[in-house]
Amino acid sequence: MDVLADADQAEITALAREFLTERLGPDQAHAVADGRAVVDAALLGRAAELGWFGLGLPESRGGAGYGLLEEIAVFREIGRAVSPGPLLPMVLAARIAVLGGADSQAEGLLSGTLRAAWAEPVPGAATVTAERVSGRFASFDPERADVLVVVTPEVAVLVPAPDGSAAVPSVDPTISTLVAELEVAPLAVLPADADPVYLRGLLLSAAALVGSAQRTTEMAVEHAGTREAFGRPIGTYQAIKHRCADMWMRTQAADAHLVYAALALDSGGKVEADLPGLAHGARSLAAEAAARNGEAVVQVHGAMGYTWEHDSGLHIGRAEVLRRWFGGPAADVDAVLASVPLSDPRTTISQAGETP
Amino acid sequence: MDLAFSPEDERFREQARDWLATNVPRDPRPQEGPEMREFDSAWQRRQFDGGWAGVSWPTEHGGLGLSTVRQLIWHEEYARAGAPYIGSLFSAVNYGGPALTIEGTPEQQAAHLPRILRGEEVWSQGFSEPEAGSDLAGLRTRGVVDGDELVVTGQKIWSSYAQIADFHFCLVRTDPERPRHKGLTWVLIDLRSPGITVRPIKTMARDLHFCEVFYDEARVPLGNVVGGLHNGWKVAMSTLTLERGTAFMADQVSFERTVDALVVEAASRPGPRGTGRALDDAGVARQLADLKTVAGALRSLSYRSISTLERTGAPGPEGSMMRLYLGEANQRLGRAAMDVLGVEGLAFVAHWRKGWSGHWLRHFASTIGAGTAEIQRNVVGERVLGLPR
Ligand SMILES: Cc1cc2nc3c(=O)[nH]c(=O)nc-3n(C[C@H](O)[C@H](O)[C@H](O)COP(=O)(O)OP(=O)(O)OC[C@H]3O[C@@H](n4cnc5c(N)ncnc54)[C@H](O)[C@@H]3O)c2cc1C
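The structure is reproduced here in structure tokens:
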């Protein structure tokens, strides 16, 4: 048992951070938010060259042959950098196409020439099967997309992207959104029993949320140590210091649980049987950490944190969008509670642990 | 990176599980008085005789000398088997004894550690005083060297289990001329010495959990000083690091079972509006899902902390948040339990295994004992994040 990153993962993290800082970090996110730039095919091609879209796919199928933990290392960095662009949809779309045997889409997605966008079923108003995708969906960045990715616990599909020109800016200023009806047949299908793409995607989104929570903690701690009020650094005031401590604690818990869940999923359920409960639990901690750290980082920065120029708004918007994917908080509650063995006679108060 | 345990570790797990299955006492643990001590000691003795006491303690002190990974496995199996809370042996077994393995002389170790592991010695911690709680270094109890003895006068308070303990490990002021932190001494005091009066204090949860201990020129052999005269602050810090760090590992692991039990409770009771199950109420479900997730996160944090310990020899920074994280989660658990039970759950039930209201009340202490929530947040802010004092 060892849950710490190994040398390979540390290197992947360092490389991802370098690329993102230069090409796809907060500066580019601000540029996209201001309408001064777009994440174009060239940039996606550059990420594809780094192998990101096939990081977790076997080498024999055009991937890099890494495991889930390496993908998580990259997505943590993407979250830290609030990278603009459809990186999570691209990775999942490539996986669905490759493992689902949709070869023509697979090649385009792996090389970044075919563009994917996320479509989240509106709860209670959408149906997704291997044959048909119909009902209401919220899509994100659909304007330039070629395919939409729809992932449910049962099945993951790609569908042709309809006209997305009616999309409007979302609470994340780098992402647009469109709520619309779909009625189409999938181009590619990957059932959950063939590959746990839903759970993998859920954990990658959690990684981006954890990365965001890490970054906002750093921003707050940095500011608290230097900004002065009433003749001393604001970090000496406990109202600020304790807020920073809470940011750090939430983030630590979310990251530790994310890694645990990823290792459990990577082991194929040999170590821990309840994968959906674990993965949704990890996502809920990550979402909570990112969202609450977003509130805290604004407060610690004062008015500056409330400005358009500041990174805080990017992190807050990103967290709010990401946490709604994969069924949102309600799906977390359901999956986590479903993991408790209600019929196990040992699970009763008379057998429970006791604390001092 | 790997979640799997080695085949040897798995074999150890199986053996632990087998042994626990047939040896865990099934009688409820008495919550007070000499019966409690008798129960706790007998259970500890049974573990010792079975070859399971002190998994990670050095073999020369009667332990098994195994890794912290094995210690974790033992705690996991212990919780799974529904084994009793360690209770009055907490201070000696979980952190007082371990502090002695680091700071004590060979004579002190030989005199106490095997007895602790056999359940023959109960220790109580005597740090806090009426005028020194969070600000521990403000303590006033005096220790005056007289020949080969220390003469102790003053008052300690909030000492858990002192009414049934054999020894009181105290921090006393031996040199009032030196700066606050430099004139303190860590000393182990036999509570049966003349000049000591122990007076239990009743808690909000209605038990006699802790005590006032009055010292009136009690004479203690200098050989009971641990870590040298006036060096007590350093010894106390290593004691507190153990108390906040690894001492609660068993509780972190057993927390998940407690949460599961509450979920089962919520599945078998009507909802707050009298319809459906309590578990189907959105508010209850959300609270319980949060607790279940936090229970998992506590395990993940333990795994991370132990991985760091195994790799580097020192636990990671997450050690400084575990006690607080668990304490606050236990408080939320108590509130959630009261919500699940509703108006039918207001009877005071002291015994943990028979109801939840005592549990709810008891955990008001979880953000006070072993360092308040505020002090622990200061520690994280200043020592982990490097924020200015
Ligand atoms: C169940 C239980 C068991 C205990 N067992 C033992 C034991 O076995 N042995 C032992 O020695 N002690 C024991 N204690 C005592 C415990 O260590 C102290 O209660 C604790 O350190 C706090 O001290 P205090 O009660 O004097 O509160 P105070 O220090 O007076 O604190 C009162 C309030 O002020 C806050 N405060 C104080 N200083 C600061 C600061 N710098 N910044 C922000 N807020 C601050 C505190 O957080 C708290 O909210 C036990 C306590 C409990 C509740």
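Note that the protein sequences, when read in sequence, are chains A and B.
The opening position of the first sequence corresponds to residue 493 in the numbering used here, with each subsequent residue numbered one higher.
The opening position of the second sequence corresponds to residue 257 in the numbering used here, with each subsequent residue numbered one higher.
All residues carry an ideal CB built from backbone N, CA and C; glycine is no exception.
Cross-strand partners of residue i (DSSP beta bridge)
i	result
residue 424 (chain B)	B:380, B:445
residue 471 (chain B)	B:410, B:452
residue 851 (chain A)	Since the first residue of chain A shown is 493 and the last is 848, residue 851 (chain A) is not available in this structure.
residue 487 (chain B)	B:440
residue 683 (chain A)	A:647
residue 415 (chain B)	B:467
residue 721 (chain A)	A:724
residue 372 (chain B)	Answer by DSSP bridge pairing: none, since residue 372 (chain B) is not bridged.
residue 626 (chain A)	A:619, A:675
residue 399 (chain B)	B:408
residue 258 (chain B)	A:494
residue 661 (chain A)	A:668
residue 642 (chain A)	A:649
residue 388 (chain B)	B:385
residue 457 (chain B)	B:466
residue 481 (chain B)	B:443
Minimum Cβ-Cβ distance from residue i to chain E less than 7 Å
i	result
residue 594 (chain B)	Among the protein chains of the structure shown, namely A and B, there is no chain E.
Separation of residue j from residue i, as counted between CA atoms
i	j	result
residue 616 (chain A)	residue 645 (chain A)	15 Å
residue 847 (chain A)	residue 341 (chain B)	With a pLDDT of 47 at residue 847 (chain A), under the threshold of 50, the modelled position of that residue is not reliable, and the figure given next carries that caveat. Those two C-alpha atoms are separated by around 7 Å.
residue 566 (chain B)	residue 323 (chain B)	8 Å
residue 389 (chain B)	residue 737 (chain A)	22 Å
residue 558 (chain B)	residue 574 (chain B)	8 Å
residue 471 (chain B)	residue 456 (chain B)	15 Å
residue 768 (chain A)	residue 504 (chain B)	28 Å
residue 741 (chain A)	residue 284 (chain B)	36 Å
residue 462 (chain B)	residue 469 (chain B)	20 Å
residue 282 (chain B)	residue 628 (chain B)	34 Å
residue 562 (chain B)	residue 747 (chain A)	15 Å
residue 216 (chain B)	residue 528 (chain B)	There is simply no residue 216 (chain B) to check, as chain B begins at 257 and stops at 645 in what is shown.
residue 604 (chain A)	residue 683 (chain A)	24 Å
residue 726 (chain A)	residue 635 (chain B)	17 Å
residue 440 (chain B)	residue 379 (chain B)	20 Å
residue 425 (chain B)	residue 464 (chain B)	20 Å
residue 266 (chain B)	residue 832 (chain A)	24 Å
residue 534 (chain B)	residue 545 (chain B)	13 Å
residue 525 (chain B)	residue 460 (chain B)	27 Å
residue 409 (chain B)	residue 611 (chain B)	42 Å
residue 594 (chain A)	residue 680 (chain A)	6 Å
Buried versus exposed call for residue i [16 or more other C-beta atoms within 10 Å across all chains shown]
i	result
residue 602 (chain B)	exposed
residue 709 (chain A)	buried
residue 528 (chain A)	exposed
residue 555 (chain A)	buried
residue 754 (chain A)	buried
residue 637 (chain A)	buried
residue 724 (chain A)	exposed
residue 614 (chain A)	exposed
residue 661 (chain A)	exposed
residue 647 (chain A)	buried
residue 531 (chain B)	exposed
residue 414 (chain B)	buried
residue 604 (chain B)	exposed
residue 313 (chain B)	buried
residue 610 (chain A)	buried
residue 290 (chain B)	exposed
residue 452 (chain B)	buried
residue 607 (chain B)	exposed
residue 442 (chain B)	buried
residue 827 (chain A)	buried
Closest residue to residue i among the options (Cα-Cα distance)
i	options	result
residue 306 (chain B)	B:276, B:366, B:402, B:514	B:276
residue 393 (chain B)	B:407, B:436, B:421, B:403	B:436
residue 310 (chain B)	B:371, B:480, B:344	B:371
residue 358 (chain B)	B:396, B:316, B:506, B:598	B:316
residue 296 (chain B)	B:257, B:346, B:335	B:346
residue 585 (chain A)	A:566, A:608, A:569	A:608
residue 427 (chain B)	B:630, B:367, B:448, B:491	B:491
residue 364 (chain B)	B:599, B:262, B:478	B:478
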